[in-house]
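Visitor: Positions 459 to 1249 (the numbering used here) are the ones given, in order, by the sequence shown.
By construction, the Cβ of each residue, glycine as well, lies at the ideal position given by its N, Cα and C atoms.
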Amino acid sequence: MKKTMSHKIAVSILCLHIIAFLAWLELFKKHDWLLILGSDLFQTSAPLISALWLFNRYRKENGRNRNFWLLLCFSMLSYTIAMLIWMFYEIYLRVTPPFPGIQDLFWILTPIIGLLAFNELILKTNTSKVFQHIYDALIVISVTTSISWEFIIKPILEQSADHGILYKIVYAGYPISELALFFGLISIFNSRNIKLASKFFFLIIVGQFCFIVADTVYLFLVSQNMYSSSNPIAVLWNLGLLLIGISSYYSNENIVEIQMNINKHKTNYLREVRLWLPYLSVFILFLITIYDEKKINSLVVGSSISIFLIIFRQIFTRVHNEVLVGKLKELNIELDEQVQLRTKELVEKNEQLEESISNVEYLAYHDLLSGLSNRRYFEKQLSGALNEAKAKNEEMAILFLDLDRFKVINDTLNHSIGDILLQHVAKRLKACIDDKGIICRQGGDEFIILLPEGDRTKVILMVEKIVESLNNIFLIEGHELFITTSIGISFFPDHGEEVGVLIRRADVAMYSVKNEGKNNYKIFTPDMKDSFNRRLTIENGLRKATEQDEFLIYYQPKLELKTNKIVGMEALIRWNHPEMGMVPPDDFISIAEETGLINKIGAWVLQMACWQTKLWQEEGLKDLSVSVNVSAIQFMQKDLYQQVNEALTVTELDPKYLELEVTESIMQNVQHASFVLERLKQLGVKISLDDFGSGYSSLTQIRHLPFDTLKIDKTFIDDIVTSLKDQAIVKTIIELGKNLGLTVVAEGVEDVEQLEYLRENGCDRIQGYIIGRPLPKQEFESKIRQNIIYK
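1. Can you grab the Cα-Cα spacing for the pair residue 869 / residue 1129, in whole Å?
2. Under 8 Å, do residue 470 and residue 703 count as touching if we go by C-beta distance?
3. Kindly list the residues whose CB is nearer than 6 Å to the CB of residue 559, restricted to its own chain and excluding five residues on each side of it in sequence; keep chain order.
4. Nearest CA to the CA of residue 1101: which residue from 1133, 1141 and 1115?
5. In three-state DSSP terms, what is residue 1076?
6. I'd like the list of long-range same chain contacts for residue 565, defined as Cβ closer than 6 Å, with 5 residues on each side in sequence excluded.
7. Can you tell me where the beta strand (DSSP E) with residue 980 in it begins and where it stops?
8. Just the C-alpha distance for residue 1032 and residue 1007, rounded to the nearest angstrom, thanks.
9. Alpha carbon to alpha carbon, what distance is there between residue 1203 and residue 1106?
10. Quick check on the DSSP output: the alpha helix (DSSP H) that includes residue 1043 runs from which residue to which?
11. What do you get for residue 984, buried or exposed, if any count of 16 or more other CB atoms within 10 angstroms of its CB means buried?
12. Compare the beta carbon distance of residue 854 and residue 912 with 8 Å and say whether it is the shorter of the two.
13. Using the rule of at least 16 other Cβ atoms within 10 Å of the residue's Cβ for burial, across every protein chain shown, is residue 845 buried or exposed?
14. Among the candidates 905, 793 and 956, whose CA atom is the shortest distance from the CA of residue 842?
15. Look at the alpha carbon of residue 1221 and the alpha carbon of residue 1214, and state the distance between them as a whole number of angstroms.
16. Based on Cα-Cα distance, which residue from 1125, 488, 525 and 476 lies nearest to residue 692?
17. Could you tell me the distance, in whole angstroms, from the CA atom of residue 1053 to the CA atom of residue 1196?
18. Under the rule that 16 or more other beta-carbon atoms within 10 Å means buried, what is residue 1011, buried or exposed?
19. What ranges does the alpha helix (DSSP H) occupy inside the stretch 535-579, keeping only unbroken runs of at least 4 residues that lie completely in it?
20. Can you say whether residue 916 is buried or exposed, counting buried as having 16 or more other CB atoms within 10 angstroms of its CB?
21. Between residue 548 and the rest of its own chain, which residues show a CB-CB distance below 8 Å, the 5 nearest in sequence each way excluded?
22. Between the Cα of residue 931 and those of 883, 1173, 1113 and 902, spot the shortest distance and give me the residue it belongs to.
23. Going by DSSP, what residues sit across from residue 1086 in a beta bridge?
24. Can you give the Cα-Cα distance for residue 1147 and residue 1026, rounded to whole angstroms?
25. Can you tell me the Cα-Cα spacing of residue 924 and residue 1238, whole angstroms?
26. Cutting at 7 Å between CB atoms, please list the residues of its own chain near residue 1089, excluding the five before and the five after it.
27. Would you mind reading off the limits of the alpha helix (DSSP H) that contains residue 836?
28. Enumerate in chain order the residues of its own chain whose CB-to-CB distance from residue 852 is below 7 Å, with the five nearest sequence positions on each side excluded.
29. Check whether the Cβ atoms of residue 945 and residue 906 sit closer than 8 Å, and answer yes or no.
30. Tell me whether the stretch 877-894 and the stretch 1073-1091 touch, counting them as touching only if at least three CB pairs, one residue from each stretch, are closer than 8 Å.
31. In the DSSP assignment, find the beta strand (DSSP E) that holds residue 1191 and state where it starts and stops.
32. For residue 850, which residues in the same chain have their Cβ closer than 6 Å to its Cβ, ignoring the five residues on either side in sequence?
33. So, with DSSP's three-state summary, where would you put residue 931?
34. Can you tell me whether residue 1094 is buried or exposed? The criterion is at least 16 other CB atoms within 10 Å of its CB, across all chains shown.
35. In this structure, does DSSP put residue 1221 in helix, strand or coil?
36. Do you know whose CA, among 978, 839, 1211 and 831, lies nearest residue 947's CA?
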């Protein structure tokens, strides 16, 4: 489309230029100076426009014909320079330009440079019949030169007999240089092995013909002292110049190429014309000679017949040879095609076989999602590496990685986002490991890495590099995802000499990291077995803890600083295991989330907390409210709204006395979080953002979500008395909450100095050991009824 538009614009420019030039000559024919000025400007602009078109084609040309376009551009620039010199005499000096003058040198150079350009095309053909082509061309050039000398150049020289040698050279130079270019074009046309873009060549021929006609008239007018730059013949020059320039829009990628294929079904009439042209031109010259001499006798007739027979015999011989050569080429082409077809079939069958084998091997040994090795291939490679390490008495490391909070992201967004995240994780792992090891996707969000280099210092550096890399933000489909990893490490031979043993012990070390806060790494130690066994016991126990009433709810009070009154409490789950005793929430909550049991446990806590709060209200503690933690996994369940609604309905608790505490991890998918929170708000409950400042929320997200409360994370409260940074953070959070119309609660307050700082800076409520530890319901009720309040 772009090329079509450019060619239409160029044609429009050509037409407008010629029409405008003719109109100018007609309008100002009685105003000599304006007539000359306009004529010179039009004659200068035409070659300049043509040069720009040709240079543009040269700039875009990537093929072998770049030099052709550049030389043709130089030809137009030579003409432009000649016109500028002419204008200097006529417009600036206001005198008739001398003849011959410097401008004539550049005018004569114009067709000579054009001839060099077309010579560049001939040289690029690299044809094996170049000598035959030159021979045919010389015949045509000899004939046309003889005729041109006799009827054009010779009369011109006779008319200029009274002038000097330079005058004659320049006078003859115009037709000779023009005819030389014209002959060159004919010689290219005459080559049977060269194919030209037809429209391009037609425009060049017409343009050059315009030049020859215009130059012939120009020389005649100059010889009669009748020429001026305003002569209408100048329009013909301009047309020729613009046609040569516009030819650049009508050429193919290769405007000249060697023809290698033979047309089997059609007669190549153009080839026949090219074949006859050299001999026909000789015959025409002979006839002109006879006509000019006016002598016809038996010798002349005999010579004519002999020459005609020789020419006919030569043509017949060449035609017969070309037919034989054509048939040979056809046979060669058919043979080549059959060989190529057979070769292609064999190659395709071989490639299909190899591809099938490759696909089977790839599927057998690779994970399709991540592109990493699978467990089967990894264990095969690990066995070989173990044997090599044993033979060389070297160490070797196994890393077992698990992504922290991946289940939250997978459930919060969707599994397709989770899959893309795993692919990004795989890329970062490959970037960290490079060629120093083998990475395997164990399944889900677990990866195993083999590091044959067992030097512990290097292994630890590699592990730290992995932890740091995965801590960076993942940008996936507009989501900013944050993820960490827990890594367990085992070494051969210290931690085992078998594949299964090494992987299990790295797995045990990884779970040890999980139990102690995640986002870290550990090397396996024997005492981790106990920790791993404890985890298995916890996981198995969780599945029946609800049915066997092993869970308890403890309550921790919240103090309103303005009134010094207990206004509510947070419901916290505890597990009284029949064998292990009281199991801390940090030991079993993460396991409950990983196993999916958190949804059932969370629903139980919610209903029990609402029931107990309603009971205390009926017993006289009317304004008491309760807050219940909602896990990120629980938040993503479709039945959360139903769970909350059912708990309020069954217990008949007024929704305004229930506050749901969520963490910043729900903001991985703000759109979903907003939808769920808005639905919960319709029930009349309050929403609290727990542990604010420790996660990944932004001010924009908070501003658009329906929160009622901000809870300042305990880590900012611990050093609030001594740390200026923590003081600044806490003060900023309090001011932020006030500006957003939210209640601000500080958790983890343990001493008087912390409390007073929070009171002075406008914190609404506090929660911590200074008010009271989490207590069972009986003890909590006793404390409340005894009116034990901080003063």
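Guide: This is what the structure gives:
1. 14 Å
2. no
3. none
4. 1141
5. helix
6. 540
7. 978-981
8. 11 Å
9. 24 Å
10. 1043-1053
11. exposed
12. yes
13. exposed
14. 956
15. 10 Å
16. 476
17. 39 Å
18. buried
19. none
20. exposed
21. 494, 498, 554, 555 and 687
22. 883
23. 1029 and 1118
24. 16 Å
25. 47 Å
26. 1051, 1056 and 1060
27. 833-850
28. 912
29. no
30. no
31. Unbroken run through residue 1191 is the alpha helix (DSSP H), 1182-1197; no beta strand (DSSP E).
32. none
33. coil
34. buried
35. coil
36. 978
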